[in-house]
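Please read the structure below before turning to the comments.
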């Protein structure tokens with residue numbers, strides 16, 4: 011997951027638009043901030059998603075948006091934490107932590 015891209019939310023429970031997720035990877039931090047702000051200009055809310063070692067970067071992206079864009083009226087919505095079972099290259103299964111942070115525009 012090293013690209014900023016939008017994909018349908020596979021575990022979508024609310025049937026919201028499909029282009030509402032930013033996946034955090036290894037690109038520079040500001041690339042994700044910019045991508046999130048562009049999405050927020052077109053949609054009422056965006057979900058920042060990360061897993062494993064990228065979780066800290068996802069939190070950083072959300073905080074940069076909230077602190078630096080204080081007057082723009084963004085707020086943190088729901089925060090979901092969990093884990094996924096993934097198959098390692100050696101064949102073993104591992105649990106990987108996940109986080110989803112919703113950023114939304116204040117009305």
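Residue numbers (this note's numbering): 11 to 117. Quick reminder that beta carbons are idealized off the backbone N, C-alpha and C, glycines included.
Under the assumption that residue i contacts residue j (Cβ atoms under 8 Å), give the Cβ distance between them as a whole number of angstroms.
i: residue 46; j: residue 65; result: Wrong, their Cβ atoms sit about 16 Å apart, outside the cutoff.
i: residue 34; j: residue 82; result: 21 Å between Cβ atoms; not a contact.
i: residue 112; j: residue 86; result: 7 Å
Relative to the C-alpha of residue i, which residue among the options is closest?
i: residue 60; options: 107, 113, 114 and 54; result: 107
i: residue 79; options: 30, 115 and 32; result: 115
i: residue 30; options: 36, 104, 76 and 48; result: 48
i: residue 104; options: 110, 93 and 54; result: 93
i: residue 77; options: 91, 53 and 43; result: 43
i: residue 53; options: 32, 101 and 98; result: 32
Do residue i and residue j have their C-beta atoms within less than 9 Å of each other?
i: residue 40; j: residue 89; result: no
i: residue 50; j: residue 84; result: yes
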